Each structure stands twice: as C-alpha cells, then as structure tokens.
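Peer 1:
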Amino acid sequence: MAQQRMALWAAEADIDEDVDLHLAIGNYGQSGHFEDAQIQAPQIDEATILAMQQHMAQQAAFSQIPDVVKAFIVHFHQAVLDNNLAEITIAYESGWNKYTEKFYSKSEWPEAEVIAPLVNDDPIFLILYRELYYRHVYSRLQPNIDDRFHSYENSCELFNYLLNSEGPVQLELPEQWLWDIIDEFIYQFQVFCTWRSKVKSKTEDELMMLADGGPVWSSYSVLNVLYSLIQKSRINEHLIAQQEGKTPEEIAEIIGDYGQRPLYRNLGYFSLVGLLRVHVLLGDFTLALKVMENVELNQKSPFTRVTACHVATYYYVGFCYVMLRRYPDAIRTFVNVLNFIMRMRQYHTRSYQYDQISKTADRMYALFAVCNALSPSRLDDNVANISKERYGEQFAKMARGGEESLPAFEELFLYACPKFITANPPPYDDPAALSALVAPPSPIDSSAPPSPTDPTHRHLSLFLADVAAQAPVPTLRSFLRLYTSLGAAKLANFLDVDEEEIVQEMMLMKQASKSVSRVAGSERGSLLDGETITTSDLNFVIAENMVHITESTIGRRYAGWFIKNTERTARIYDDLKNMPLPQPAKNVATPSVVSPSADAPSKAPRTGGQKVAWGGAKVA
Amino acid sequence: MSSWISPSTRTELIEDLVSGVDRYNPSNVSILEDYLYHQIRSEEYDCLANLAILKLYQFNPELYNPDVVVNILIKALTACPLPDFNLCISLLDERPVNANLDEPDPLPTLLPTLKGLHDLLYRCRFPKFWEEYRSEELEALRDNYTVECVGFENAVREVAIRAVKAAFTEISLKRLGSYLDLTGAGLQAYIQKLGWTLDAASSTVSIPPNPDNQIVATVVQENISLPQLTKVISHAALKA
Chain A
1 MAQQRMALWA AEADIDEDVD LHLAIGNYGQ SGHFEDAQIQ APQIDEATIL
51 AMQQHMAQQA AFSQIPDVVK AFIVHFHQAV LDNNLAEITI AYESGWNKYT
101 EKFYSKSEWP EAEVIAPLVN DDPIFLILYR ELYYRHVYSR LQPNIDDRFH
151 SYENSCELFN YLLNSEGPVQ LELPEQWLWD IIDEFIYQFQ VFCTWRSKVK
201 SKTEDELMML ADGGPVWSSY SVLNVLYSLI QKSRINEHLI AQQEGKTPEE
251 IAEIIGDYGQ RPLYRNLGYF SLVGLLRVHV LLGDFTLALK VMENVELNQK
301 SPFTRVTACH VATYYYVGFC YVMLRRYPDA IRTFVNVLNF IMRMRQYHTR
351 SYQYDQISKT ADRMYALFAV CNALSPSRLD DNVANISKER YGEQFAKMAR
401 GGEESLPAFE ELFLYACPKF ITANPPPYDD PAALSALVAP PSPIDSSAPP
451 SPTDPTHRHL SLFLADVAAQ APVPTLRSFL RLYTSLGAAK LANFLDVDEE
501 EIVQEMMLMK QASKSVSRVA GSERGSLLDG ETITTSDLNF VIAENMVHIT
551 ESTIGRRYAG WFIKNTERTA RIYDDLKNMP LPQPAKNVAT PSVVSPSADA
601 PSKAPRTGGQ KVAWGGAKVA
Chain B
621 MSSWISPSTR TELIEDLVSG VDRYNPSNVS ILEDYLYHQI RSEEYDCLAN
671 LAILKLYQFN PELYNPDVVV NILIKALTAC PLPDFNLCIS LLDERPVNAN
721 LDEPDPLPTL LPTLKGLHDL LYRCRFPKFW EEYRSEELEA LRDNYTVECV
771 GFENAVREVA IRAVKAAFTE ISLKRLGSYL DLTGAGLQAY IQKLGWTLDA
821 ASSTVSIPPN PDNQIVATVV QENISLPQLT KVISHAALKA
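So the sequence lines, in the order shown, correspond to chains A and B.
With the numbering used here applied, the first sequence has no gaps in its numbers, which climb one by one up to 620 at the end.
With the numbering used here applied, the second sequence has no gaps in its numbers, which climb one by one up to 860 at the end.
1. To the nearest angstrom, how far is the alpha carbon of asparagine 144 of chain A from that of arginine 196 of chain A?
2. Taking 6 Å as the limit between beta carbons, can you name the residues of its chain near isoleucine 115 of chain A, skipping five residues before and five after?
3. Could you name the residues that DSSP lists as bridge partners for phenylalanine 540 of chain A?
4. Using three-state DSSP, classify aspartate 819 of chain B as helix, strand or coil.
5. Where do the ends of the beta strand (DSSP E) carrying threonine 532 of chain A lie?
6. Three or more C-beta pairs closer than 8 Å, one from the stretch 157 to 175 of chain A and one from the stretch 102 to 120 of chain A: is that the case here?
7. Does the beta carbon of isoleucine 692 of chain B come closer than 8 Å to any beta carbon on chain A?
8. Just mark valine 497 of chain A as buried or exposed, buried being the case when its beta carbon has 16 or more other beta carbons within 10 Å.
9. Any beta-carbon of chain A closer than 8 Å to the one on aspartate 666 of chain B?
10. Which same chain residues end up closer than 6 Å to arginine 363 of chain A when comparing Cβ atoms and leaving out the 5 residues on each side of it in sequence?
11. How big is the Cα-Cα spacing for glycine 245 of chain A and isoleucine 251 of chain A?
12. Against chain A, which members of the stretch 688 to 712 of chain B pass a CB distance test of less than 7 Å?
13. Based on the DSSP secondary-structure assignment, which residues constitute the bridge partners of glutamate 790 of chain B?
14. State the beta-bridge partners of glycine 487 of chain A as determined by DSSP.
15. Rounding to the nearest angstrom, what Cα-Cα distance links phenylalanine 368 of chain A and methionine 398 of chain A in this structure?
16. Any C-beta of chain B sitting closer than 8 Å to the C-beta of glutamate 531 of chain A?
17. Mind pulling the chain B residues with CB within less than 7 Å of arginine 325 of chain A?
18. For a contact meaning CB atoms closer than 9 Å, what does isoleucine 502 of chain A contact in chain B?
19. Figure out for me which residue from A/Val547, A/Asn539 and A/Phe562 has the closest Cα to the Cα of threonine 553 of chain A.
20. Quick check on DSSP: helix, strand or coil for lysine 246 of chain A?
21. What residues in its chain sit with their C-beta under 6 Å from that of phenylalanine 76 of chain A, if we drop five residues either side in the sequence?
22. Can you tell me whether glutamine 59 of chain A is buried or exposed? The criterion is at least 16 other CB atoms within 10 Å of its CB, across all chains shown.
23. Please compile the residues from chain A whose C-beta is within a distance smaller than 7 Å of the C-beta of histidine 855 of chain B.
24. Mark asparagine 154 of chain A as exposed unless 16 or more other C-beta atoms lie within 10 angstroms of its C-beta, in which case mark it buried.
25. With DSSP as the reference, label valine 317 of chain A as helix, strand or coil.
26. Tell me the residue span of the alpha helix (DSSP H) that contains lysine 397 of chain A.
27. Are the CB atoms of serine 485 of chain A and valine 547 of chain A within a distance shorter than 8 Å?
28. Using 8 Å as the threshold, is the C-beta distance between serine 792 of chain B and glutamate 544 of chain A below it?
29. With the cut-off set at 8 Å, would you say glycine 268 of chain A and isoleucine 235 of chain A are in Cβ contact?
30. Rank A/Ser271, A/Ile533 and A/Thr286 by C-alpha distance to the C-alpha of isoleucine 230 of chain A and give the top, closest one.
31. Confirm, please, whether the CB-CB distance from leucine 712 of chain B to leucine 652 of chain B is below 8 Å.
32. Just the C-alpha distance for lysine 290 of chain A and leucine 527 of chain A, rounded to the nearest angstrom, thanks.
33. Is the beta carbon of asparagine 382 of chain A sitting closer than 8 Å to the one on methionine 344 of chain A?
34. Please report the straight-line C-alpha distance between leucine 126 of chain A and alanine 112 of chain A, rounded to a whole angstrom.
35. Between proline 701 of chain B and glutamine 511 of chain A, what straight-line distance do the alpha-carbon atoms span, to the nearest angstrom?
36. Please classify methionine 323 of chain A as buried or exposed, where buried requires at least 16 other C-beta atoms within 10 Å of its C-beta.
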C-alpha cells in the first residue's frame with residue numbers, strides 16, 4: 001500500500017487509476033489484504049481485487065469438491081503424518097485412482113491451494129499432492145507450458161526437501177510411489193524435450209518463456225537429481241557390500257544415516273534405473289549399462305518388487321544390447337522378462353499399470369523378433385511363439401534377408417524403440433539462430449544429406465546400416481546348408497555374383513555369427529562384460545577357394561521337459577491329496593492351476609488320487 | 621571384453637573421470653582430449669574415454685571441437701567389427717549452426733565419408749576400402765587427420781586380419797595382399813611378422829588354427845545330472 005502512495009506522489013501510477021479521485025478520497029487505512037468487499041471499487045487496488053477474487057474462487061472451488069474427496073484428502077494427510085505405510089499405500093494405490101475415475105477423469109484435481117485448508121497448509125503434503133496432481137495432468141490431459149514449468153518447480157522442491165534438509169527426513173512412502181516419482185520425473189523431462197524441439201508450433205508467449213527458461217528441465221539438472229539421490233543413499237556402496245557378503249553392521253556403517261532409511265535406499269535404487277533410462281534416451285548405451293553395474297539382473301533383486309520398475313529395467317537393458325549388436329544377450333534379457341510378465345499377468349488388477357506394462361511387453365516382442373531374425377537361436381519357447389503370432393509377417397520378411405527385409409526392420413524398430421531426445425534445446429535465446437533452424441536461408445546443399453534433427457531417425461539409420469550389411473547372410477546360409485564342401489566359384493555362380501564378392505560376403509557372415517555375450521555362470525560382473533561366442537549352428541571355413549561346412553545339431557532334450565512336468569504334476573497331486581474332500585455332489589474337484597505353458601500335458605487328475613496318465617506327453 | 625571396458629593403458633586419473641560424476645564437469649574435457657591425443661600418438665585406444673568426450677560435447681555445445689570428433693571417429697574405425705563407431709555417432713547430437721567456430725566445420729562433409737568407410741570395413745569389403753581411402757576425394761582426410769594418427773593403416777590391416785583369420789585356413793597371397801593393401805616384399809614382411817607361413821610354390825598363406833577357423837560338427841547332447849532328478853525320485857520313493 002505504501003508503495004502505491006509513493007508511486008502516486010511520483011506521478012508514476014502503474015495502475016491506470018483516476019488520479020483525481022484518489023487524491024480526493026485518499027487511503028482509508030488499507031493495510032494488507034482486507035476483505036473489504038463493501039468498499040467501492042476505485043479505492044481497492046488491483047492486487048487486492050485479484051487476491052480477493054482468487055480467494056473467492058478458491059472458496060467456490062472448495063465447495064465444489066465432493067465431500068468424499070475432502071474426507072479422502074484428510075485421511076491421506078493423516079496417514080502421511082503418521083508414517084502409516086499401510087494406510088498410505090491403500091490411499092495411494094486405490095483411493096486416488098478411485099476418485100480420479102469417479103470425479104476427475106476428464107478434468108484436473110483441485111489445485112493445491114484450494115485443498116490447503118484441509119491439511120493445515122502442510123507444505124510437505126502439498127508438495128506430494130502437487131506431484132500427484134501434475135501426474136494426472138500429464139497422463140490424462142494436455143499440459144500447457146505453465147503446467148510444465150510448475151511441475152518442474154514442484155519436483156525441484158520435493159527433491160530439495162529430500163536432499164537438502166538437515167539430515168534424513170522422517171517421511172515414509174510406499175515403494176510403488178517412490179518408483180512412480182522417479183519414473184514420472186523422467187517422463188515429464190522426456191515429453192518436455194520432445195515438445196521443446198518442435199520449434200514451429202510455438203506461440204509468442206511460449207517462445208518468450210522458453211527463452212528465459214534456462215535451467216528448467218535441463219539435462220544437467222535431471223542428471224543432478226538422480227546422481228544426488230544415488231550419492232546421498234550410497235546405494236552403490238550398499239550393493240557392493242551386499243554382494244561381498246558383509247554383515248549388517250558393516251553395511252550400516254558403510255551406507256550411513258541416509259542409506260539406512262528405506263525411503264532413501266529405495267529412491268537411490270530407483271535412481272539407478274532412472275539413470276539407465278535417461279542415458280538410453282540420450283543415446284549413450286554403454287554408460288547406461290555401466291551405471292547398472294552393481295545391480296544383479298535376476299529375479300531376486302530388489303527392483304523386482306515394483307513390477308513397473310522390473311519391466312522397465314529389462315526393456316532398457318535389452319535395448320542397449322540391441323544397439324551394441326549383442327543380440328544373444330538381448331534375446332536372453334527379453335525372454336526373461338517376457339516370461340515373468342506372462343506369469344504375473346493374472347495377478348495384475350491395477351488397470352492403468354497393466355496397460356503400460358502390456359505396451360512395453362509388446363515392444364519387447366517386436367525387439368525379440370528383430371533380434372531373432374538377426375541372430376537366430378533355437379529357443380523354441382513360449383516367447384518365440386507369441387512373437388511369431390504377433391509379428392509373423394515381419395519376422396518372415398526379416399528372416400529371409402535381402403532388400404525386402406529393410407522396411408520390416410524399420411517398422412519394428414520405430415515401433416519398439418524408446419522416445420529418444422536431444423540433450424540440447426533449440427536456440428530459443430537466440431532469435432536469429434532459431435529462425436535459421438526453422439527456415440534455412442540458403443538452398444540446401446544437395447551433396448550434404450538433410451540433417452535429421454530427430455534423434456530417433458539418427459539411431460534408426462545406424463541400426464538399418466547394420467541390418468543392410470547383414471542382409472545377404474540368410475540367403476548365403478541357406479545355400480551353405482545344402483553342402484559339406486563347395487567351391488567358392490560355384491557358390492558365386494549360384495548367386496550370380498563375383499567370386500571375390502562372395503568371399504568377402506562370407507567373411508562378413510562369419511563375423512555376423514559371432515557375438516559378444518555374457519557367458520552363463522557369470523551373473524556377477526558388469527552388464528558390459530562378455531566373451532565372443534558363436535551364435536550360429538552353421539559353421540564354415542575357407543581353404544583357398546574351397547568352402548568347408550559343418551553344422552552342429554542339438555540332440556533332443558527329453559530330460560528337462562520330463563523332469564519339469566513330472567515335478568509339476570507331483571505338485572498338483574500333492575495339493576490335491578491335501579485338499580479336503582469335496583461334497584459328494586460336486587464331482588469335479590480339480591484345482592485349476594493355470595499353467596502358462598501351452599504344453600501342459602496332463603489332464604487334471606481325477607479325484608480319488610489316481611496316478612496321472614502320461615498319455616498327454618505325446619502332445620510334444 | 622574387459623580390456624575394451626577398461627584398457628590397461630588407462631591411467632587412474634582417467635579411470636576416475638570415466639567412472640565417476642566428474643565426467644560431466646566441462647572443465648575436465650581438456651584432460652580427456654589430451655588423453656585422446658595420447659592415444660593417437662601411441663597407438664592405444666580407449667573407447668569409453670572417447671565416448672565421455674562426446675558426451676561432454678553433447679551437453680556443452682560450446683566445447684565442440686570438430687577435430688577431436690574426427691579423430692575419435694577415426695580411432696573407432698579401427699575397432700571394427702565392434703560397434704564403437706556406431707556408439708560415437710549415437711552421441712553426435714544435431715547441433716545448431718555454430719557461429720563461433722574460427723573455421724568452417726569440417727564435420728558435416730567428413731561424416732558421410734567416414735560412415736562410408738566404416739560401412740566398407742564392416743562389410744569386409746577391404747579392397748574397396750583401400751581404393752576409397754587412397755582416392756583423391758579423401759585427400760583432405762588423409763592429409764589432415766589420418767596422417768596424425770600413428771599406425772592408422774596398420775590398425776585397419778588388423779581389422780582385415782581379424783576377419784581373414786576367422787574365415788580362412790588358407791588364402792592366396794594375391795587375395796591377402798588386396799585385403800591388406802600390401803604387395804611384394806612389404807606383404808611378405810607383414811606375413812612373417814604375423815607368424816603365418818607362406819608356401820612359395822602355390823603362393824598360399826596358411827593361417828594357424830584358432831577357435832574360429834577350426835570347424836567341427838558337434839552334436840549337443842543332453843547332460844542330466846543326478847541332482848536334477850532328486851525331486852522326482854524322492855517323490856516317487858515317498859509315494860511308494
């Protein structure tokens with residue numbers, strides 16, 4: 001208020017008021033934001049009006065909130081205050097989604113300021129609430145530039161609170177939520193980068209905001225957050241100590257105060273996976289695998305507790321292997337997780353997560369098809385069958401090789417690859433450079449290829465170049481399979497090419513049948529480790545101009561199959577035996593143990609505990 | 621593989637940089653660049669350290685030094701068939717026209733050339749590679765870059781040798797010469813250095829046996845061990 005007066009005396013009213021009236025009436029002791037709705041408008045300056053309007057709007061919005069939602073928020077807040085993990089989990093997982101579906105499926109949740117009175121303006125809870133609020137906006141609605149900037153600020157506040165408070169905070173949150181925080185943070189970063197790089201569709205205001213944007217959603221700040229979480233929780237040291245088998249006391253010493261709290265430990269752990277993801281998005285595949293070097297990729301690892309995290313980890317690790325041309329490793333990774341997903345499918349009732357996991361699974365089937373075409377393996381698996389079901393057409397084209405395979409590879413790669421981003425924004429702070437980017441002034445130099453500003457295409461072209469190089473291999477392979485020894489000239493004749501060309505092609509084929517791979521039994525050791533192994537069952541060598549060919553075959557594997565099924569049926573039988581006898585009326589007491597494997601041979605055992613017929617085994 | 625991840629020639633200082641958070645610090649780029657020039661001069665190679673340089677360029681476009689990038693790519697060429705070259709390209713973000721370079725950026729013109737050379741090497745088209753490499757168009761590349769890189773041509777020859785070793789037990793002298801871009805006395809000396817033997821009469825070179833060029837038809841048999849059967853047997857025993 002005082003300022004206002006001074007400005008007036010200085011005749012520099014930034015508010016277009018009627019000066020005379022002001023001088024005449026003066027300032028009737030208006031200090032702060034009075035609720036003086038009765039006083040005539042000219043005496044209240046705009047700032048107060050705005051505040052009052054806002055307050056009234058908030059009141060209105062507040063009253064619009066359904067009572068159940070209000071009660072939910074209060075309950076949620078109480079649970080957070082009490083660190084009641086069970087209650088928080090229920091509220092977070094089912095409560096929030098329930099009310100979203102019911103009331104807010106097409107609109108935003110009430111703003112944090114509106115519900116603030118319900119929670120006594122508790123800043124921590126409001127930060128958490130905003131996190132959920134923006135997550136909802138990003139997933140169901142279209143965030144505008146303000147939303148994006150504000151969600152970044154909110155995330156910064158949250159991480160600031162977690163990292164820069166005096167000592168570890170006493171908050172406890174469910175693991176699922178912690179993973180979602182990291183996941184969402186990276187997701188918002190990713191969509192922001194994609195949105196930011198579309199220069200042409202920006203309005204004036206947006207351009208201005210982006211020019212001043214600076215550190216908002218910059219790669220460095222995102223990486224900073226993830227690395228800080230990792231360092232604070234000393235998660236790497238923790239994992240190493242666990243692997244070395246240190247005692248709990250020693251571990252506690254190593255990881256310090258922060259690492260001992262589950263909140264930090266989980267955040268640190270999920271940040272490792274987060275880093276894996278960010279590095280893949282930025283195109284640095286070796287670094288991505290390197291950050292995961294202390295995480296063991298097996299079913300016993302902590303990250304499997306959160307399914308979404310588990311699936312994401314395997315997806316990104318598998319994709320890194322694909323880009324590193326380590327197809328056997330990629331195949332193994334995908335098979336592992338796809339089997340897991342198939343088994344877990346029946347237990348996943350939370351629909352929104354299920355959709356996302358399904359989508360990732362689908363992409364992995366596509367990548368599996370790609371890898372199988374490039375490096376055929378004899379995994380006659382459920383995974384291979386399902387993959388053939390969905391991508392049979394493309395797989396056939398890819399496996400045949402040659403020119404026609406390239407579009408199929410391209411299609412599947414584009415479908416399955418992550419949404420890559422560029423690290424740097426277009427030069428919003430330099431208008432000249434910006435306009436040069438949008439409309440290149442000089443005619444494009446015809447010798448230089450059009451530079452794709454889209455990182456996805458850059459990676460796609462690298463991948464396709466590799467594939468194109470290997471395109472002749474399947475045809476060659478099919479020819480070589482027919483012979484034990486063959487003259488190079490004859491082979492060249494068949495394929496209608498030069499002999500020298502054929503010889504070079506065969507060197508390439510030899511190269512293609514070797515791959516770096518993690519050797520079985522070396523589960524420890526970083527993901528980048530590996531030895532060169534042969535991946536093809538067809539082997540050949542050239543002696544001057546003669547090609548000698550051998551093929552290795554795999555004997556039929558009866559034992560594993562029989563043992564597996566014997567054990568399974570024994571289990572069923574035992575379960576049955578231990579079950580209480582059914583009512584006489586109900587005849588069929590067969591427990592339906594749903595086994596995902598399509599080749600479950602035995603029909604369910606009849607009641608009375610008779611031995612299972614092995615007749616089903618013929619269905620092989 | 622472990623020597624690719626962590627070469628013995630890497631110093632501790634570089635190891636800390638590559639494995640830690642300091643790799644993101646822009647002021648460390650000169651350390652890594654010096655290490656690159658050391659690699660160039662002493663015929664060493666450290667892929668991950670070079671990738672670290674490219675990553676710094678990715679985040680800090682003002683550090684971009686096209687000569688460094690070209691040198692990294694040249695070094696990566698010699699690592700074929702490892703995916704190093706592709707990994708480098710993956711990190712080369714599209715950059716807006718950089719107005720503060722003193723000289724025009726050579727990379728946009730050199731990049732397709734280098735990609736072409738890499739393609740030839742990957743596809744084992746060695747005679748064609750040498751032809752391209754020695755051609756007039758690539759004079760700029762040779763005079764400005766590869767001449768600085770000690771042992772570049774020998775390193776490329778090693779790429780060819782790797783491929784030949786895997787696929788051949790015997791190869792004609794002429795063919796080998798075309799892959800290595802060597803003839804006569806030079807070729808003979810090189811073969812001797814490799815420890816391969818030359819049969820002067822038929823002018824074929826025989827290649828010593830290695831895991832790749834010894835082929836044996838194998839039948840992979842199933843191996844059942846007793847522990848695997850314990851559950852089945854014990855269950856049957858219980859039942860009985």
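Virtual Cβ for every residue (Gly too), placed ideally from N, Cα, C.
Quick caveat: nothing in here was measured; it's all calculated off a predicted structure.
Peer 2: Working from what's here:
1. Walking along the first sequence from the start, residue 144 of chain A turns up at place 144. Walking along the first sequence from the start, residue 196 of chain A turns up at place 196. Each residue's alpha carbon lies about 12 Å from the other.
2. Along the first sequence, read from residue 1 onward, the residue named residue 115 of chain A stands at position 115. Cβ neighbours of isoleucine 115 of chain A beyond the five flanking positions: Ile73.
3. Taking the first residue of the first sequence as position 1, residue 540 of chain A is located at position 540. Answer is A/Ile549, bridged to phenylalanine 540 of chain A.
4. Walking along the second sequence from the start, residue 819 of chain B turns up at place 199. Three-state DSSP puts aspartate 819 of chain B in a strand.
5. Looking up residue 532 of chain A in the first sequence gives position 532. Start and end: 531 to 534.
6. no
7. By one-based count along the second sequence, residue 692 of chain B stands at place 72. Answer no: the Cβ-Cβ gap between isoleucine 692 of chain B and chain A never drops below 8 Å.
8. Start at 1 with the first residue of the first sequence, and residue 497 of chain A comes out as number 497. Valine 497 of chain A should be labelled exposed.
9. Along the second sequence, read from residue 1 onward, the residue named residue 666 of chain B stands at position 46. No, aspartate 666 of chain B lies away from the interface with chain A (no Cβ there is under 8 Å from its Cβ).
10. Position 363 of the first sequence, counting from 1, holds the residue named residue 363 of chain A. Same-chain partners within the cutoff: Ala416.
11. Numbered from its first residue, the first sequence carries residue 245 of chain A at position 245. Numbered from its first residue, the first sequence carries residue 251 of chain A at position 251. Their Cα atoms are separated by approximately 9 Å.
12. Pro701, Pro703, Asn706, Leu707, Ile709, Ser710 and Leu711
13. On the second sequence, residue 790 of chain B is found 170 positions in, with the first residue counted as 1. Glutamate 790 of chain B pairs with A/Ala543 and B/Ser826.
14. By 1-based counting over the first sequence, the position of residue 487 of chain A is 487. DSSP, once it has assigned bridges, lists A/Met546 as partnering glycine 487 of chain A.
15. Reading the first sequence from its first residue, position 368 is the one you call residue 368 of chain A. Reading the first sequence from its first residue, position 398 is the one you call residue 398 of chain A. Distance between the alpha carbons of phenylalanine 368 of chain A and methionine 398 of chain A is about 12 Å.
16. Your numbering for residue 531 of chain A matches position 531 in the first sequence. With 8 Å as the cut-off, glutamate 531 of chain A counts as an interface residue toward chain B.
17. As a first step, residue 325 of chain A is located in the first sequence; it is residue number 325 there, counting from the start. Simply Pro703.
18. Reading the first sequence from its first residue, position 502 is the one you call residue 502 of chain A. Simply none; closest approach about 11 Å.
19. In the first sequence, the residue the question calls residue 553 of chain A occupies position 553. For the residues A/Val547, A/Asn539 and A/Phe562, the minimum Cα distance to threonine 553 of chain A belongs to A/Asn539.
20. Translated into the one-based positions of the first sequence, residue 246 of chain A becomes position 246. Reduced to three states, the DSSP call for lysine 246 of chain A is coil.
21. Position 76 of the first sequence holds residue 76 of chain A. Within the same chain, phenylalanine 76 of chain A has close Cβ partners Ala91.
22. The residue given as residue 59 of chain A occupies position 59 in the first sequence. Glutamine 59 of chain A is exposed by the Cβ-count criterion.
23. Numbered from its first residue, the second sequence carries residue 855 of chain B at position 235. Chain A residues near histidine 855 of chain B: Ala570.
24. For the purposes of this step, residue 154 of chain A is taken as residue 154 along the first sequence, with counting starting at 1. Buried, by the Cβ-count rule.
25. Numbered from its first residue, the first sequence carries residue 317 of chain A at position 317. Valine 317 of chain A: helix per DSSP, three-state reduction.
26. Within the first sequence, numbered from 1, the residue matching residue 397 of chain A stands at position 397. Counting along the chain, the alpha helix (DSSP H) containing lysine 397 of chain A begins and ends at 382 to 400.
27. To locate residue 547 of chain A, count along the first sequence from 1; it is residue 547. To locate residue 485 of chain A, count along the first sequence from 1; it is residue 485. Cβ atoms of valine 547 of chain A and serine 485 of chain A: closer than 8 Å.
28. Numbered from its first residue, the second sequence carries residue 792 of chain B at position 172. Numbered from its first residue, the first sequence carries residue 544 of chain A at position 544. Yes; because the gap between Cβ atoms is below 8 Å, this pair is in contact.
29. One-based indexing of the first sequence puts residue 268 of chain A at position 268. One-based indexing of the first sequence puts residue 235 of chain A at position 235. Yes, they are a contact pair.
30. For the purposes of this step, residue 230 of chain A is taken as residue 230 along the first sequence, with counting starting at 1. Looking at the Cα atoms, A/Ser271 is the closest of the given residues.
31. Taking the first residue of the second sequence as 1, we reach residue 652 of chain B at position 32. Taking the first residue of the second sequence as 1, we reach residue 712 of chain B at position 92. Contact: no.
32. As a first step, residue 290 of chain A is located in the first sequence; it is residue number 290 there, counting from the start. As a first step, residue 527 of chain A is located in the first sequence; it is residue number 527 there, counting from the start. Each residue's Cα considered, the two are about 7 Å apart.
33. Walking along the first sequence from the start, residue 382 of chain A turns up at place 382. Walking along the first sequence from the start, residue 344 of chain A turns up at place 344. Cβ distance not < 8 Å, so asparagine 382 of chain A and methionine 344 of chain A don't count as in contact.
34. Reading the first sequence from its first residue, position 126 is the one you call residue 126 of chain A. Reading the first sequence from its first residue, position 112 is the one you call residue 112 of chain A. C-alpha separation (whole angstroms): 6 Å.
35. For the purposes of this step, residue 701 of chain B is identified with residue 81 of the second sequence, where counting begins at 1. For the purposes of this step, residue 511 of chain A is identified with residue 511 of the first sequence, where counting begins at 1. Each residue's Cα considered, the two are about 8 Å apart.
36. Along the first sequence, one-based indexing puts residue 323 of chain A at 323. Result: buried.
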